[in-house]
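Under this note's numbering, think of the first position of the sequence shown as -11, with each following residue one higher. Shown next, in structure tokens, is the structure this report addresses.
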Amino acid sequence: MKKIFFLLAVFFLVVSYKMVGQDFDVMELTYPEELEIIKRADWGWLPLEKAKEEAEIKKITIHHGGVEFTKGKDPVELMKTLQKWSRAEKNWIDMPYHFMIDLDGNIYEALPVNYPGDTNIEYDPTGHVSIEVMGNYEVQEFSENQLNAVVSLSAYLAKEFDVSLSDIKTHKDYSEMTVCPGKNIYKYFEDSFFIKMVKESLDN
Ligand SMILES: [Zn+2]
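Written as structure tokens, this is what we have:
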């Protein structure tokens, strides 16, 4: 009889632990200092409440937010709103992008890289690490600081995950239904300037 109570006690302990303290795998990366990454813990990212099947990274894909984001707006507030919307409205595990870049070229960690991102616009993001530039680059200008940030981050990720230069592309390259990441970013891909910059960064 005692043994049954003991087993029941253990069972309830395990169940209650699962309910309150469920932990999901979060792959943490070590970045070169010069990237000055703002980590999830530094901007108030909320721990995952659920997870999904993990996937290995094979591609790097650039997006824009698609909504104008202007000087004076708070990038952290934007990320917190996106996180809330993604989880509550879309039922995604988290925000759809792994990294987000603000108007000054600061890089923020978002969705952990071991989980595939999500999308509203047709293409399978499994195996892609998704980098989003905040704003709408059909209408906004893409600054040199932002360009340098996307290049340095892409070079680091390409090296870290052994992604070939030909697999660094934009959302538009996988879908005819979107202009993402916007013409003012896409022009750097059209003439291969972006890839040349990544290559230079990797060679140094
Ligand atoms: Zn996109």
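Ideal Cβ placement from N, Cα and C applies to all residues, glycine included.
What distance in whole Å lies between the Cβ atoms of residue j and residue i, which are believed to be in contact at a cut-off of 8 Å?
| i | j | result |
| --- | --- | --- |
| Val139 | Met185 | 5 Å |
| Gly53 | Met165 | With a Cβ gap of about 17 Å, Gly53 and Met165 do not count as contacting. |
| Trp31 | Val64 | 5 Å |
| Pro169 | Lys157 | Wrong, their Cβ atoms sit about 10 Å apart, outside the cutoff. |
| His86 | Ile119 | 7 Å |
| Val127 | Leu17 | No, Val127 and Leu17 are not in contact; Cβ-Cβ is about 32 Å, not under 8 Å. |
| Phe130 | Ile173 | 5 Å |
| Leu141 | Leu23 | 6 Å |
| Tyr281 | Lys171 | The displayed coordinates of the chain run from -11 to 192. Any statement about residue 281 would go beyond what the structure contains. |
Is the CB of residue i under 8 Å away from at least one CB in chain B?
| i | result |
| --- | --- |
| Asp155 | In summary, chain B is missing from the structure at hand, where a single protein chain is found. |
Determine the DSSP secondary structure at residue i, reduced to helix, strand or coil.
| i | result |
| --- | --- |
| Ile156 | strand |
| Ser131 | coil |
| Ser4 | Interpretation of Ser4 is limited by its pLDDT of 49, a score under 50 that renders its predicted location unreliable; no figure is taken from the coordinates. |
| Ser140 | helix |
| Asp13 | coil |
| Glu21 | helix |
| Ser118 | strand |
Sorted by chain position, which residues of the same chain lie with C-beta nearer than 7 Å to residue i's C-beta, five sequence neighbours on each side aside?
| i | result |
| --- | --- |
| Ala143 | Val186, Ser189, Leu190 |
| Thr66 | A small correction: the amino acid at residue 66 is Leu; Thr does not occupy that position in the sequence shown. Cβ within range, chain order: Phe57, Met122. |
| Met88 | Met67, Tyr96, Ala98, Glu120, Met122 |
| Arg28 | Glu97 |
| Asn136 | Gly93 |
| Phe12 | Leu36, Ala39 |
| Tyr103 | Ala39, Lys40, Glu42, Ile81 |
Please return the same chain residues whose Cβ sits closer than 6 Å to the Cβ of residue i, not counting the five positions on each side in sequence.
| i | result |
| --- | --- |
| Gln71 | Met83 |
| Tyr162 | Tyr111 |
| Asp106 | Trp80, Pro84 |
| Tyr19 | Ile25 |
| Val14 | Pro100 |
| Asp62 | none |
| Asp90 | Pro63, Met122 |
Note down, in chain order, each residue of its chain lying with its Cβ closer than 8 Å to the Cβ of residue i, except the 5 sequence neighbours on either side.
| i | result |
| --- | --- |
| Ile45 | Val101, Gly115, His116, Val117, Leu145, Phe149, Val151 |
| Glu77 | none |
| Asn133 | Asp92, Gly93 |
(message) Is it the case that the segment 109 to 128 contacts the segment 29 to 47, given that we only count it when at least three CB pairs across the two stretches are under 8 Å?
(response) Under the Cβ criterion (8 Å, minimum of three pairs), the segment 29 to 47 counts as touching the segment 109 to 128.
**Q.** Uninterrupted beta strand (DSSP E) stretches inside the segment 42 to 116 (no shorter than 3 residues)
**A.** If we require 3 residues or more, the beta strand (DSSP E) runs fully inside the segment 42 to 116 come out as 47 to 52, 87 to 89, 95 to 97.
Note to self: Would you call the segment 48 to 56 in contact with the segment 89 to 100, where contact means no fewer than 3 C-beta pairs closer than 8 Å?
What the structure shows: The segment 48 to 56 vs the segment 89 to 100: no contact.
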